[in-house]
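Each remark here refers to the structure printed beneath this line.
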Amino acid sequence: ELLFANDLPYYLRNSLRNTIIGGDFNCVLSERDTEAKKATISKSLTNMVRTIQMKDLWFSKNKKIEYTFVRTNYGSRIDRLYGKDMYNNVAIKTIHVNFSDHSCVCC
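In structure tokens:
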């Protein structure tokens, strides 16, 4: 949580225009992003994304949820890309790979 509350905002303070933030966040922003019975919703990440005015790029092009992390009994969308409005027209997709239980999120 400190990464989202302190560290990332500090490093991003002067360079947001052409920035995309991506990775395995190991948390979700809402219950719609997971089938797990107990969702790990990060308030710090939610606040950071809102404060720096970035959007989840998946939803700029897609309305349907695609889980990027899948286990036997549930899936979740913990791998995401965030960017500014200028990236709204960029194609974004997930790609399953055989060597991981995570799918790649590509734009």
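Numbering follows the numbering used here, with no gaps: position 42 of the sequence shown is 49. For glycine and all other residues, C-beta sits at the position ideal for the given N, C-alpha and C. Note that the structure is predicted; figures quoted are calculated from it, not measured.
Query, Result
"Rounded straight-line distance, which links the Cα of alanine 46 to that of lysine 68", "24 angstroms"
"Leucine 88 - partner residues in DSSP beta bridges", "Gly29"
"Any 3 or more C-beta pairs closer than 8 angstroms across the stretch 32-51 and the stretch 96-106", "no"
"Cβ contact check for the stretch 70-85 and the stretch 15-26: 3 or more pairs under 8 angstroms", "no"
"Sequence-distant residues of the same chain with beta carbon closer than 7 angstroms to methionine 61, five excluded per side", "Ile28, Tyr89, Gly90, Lys91"
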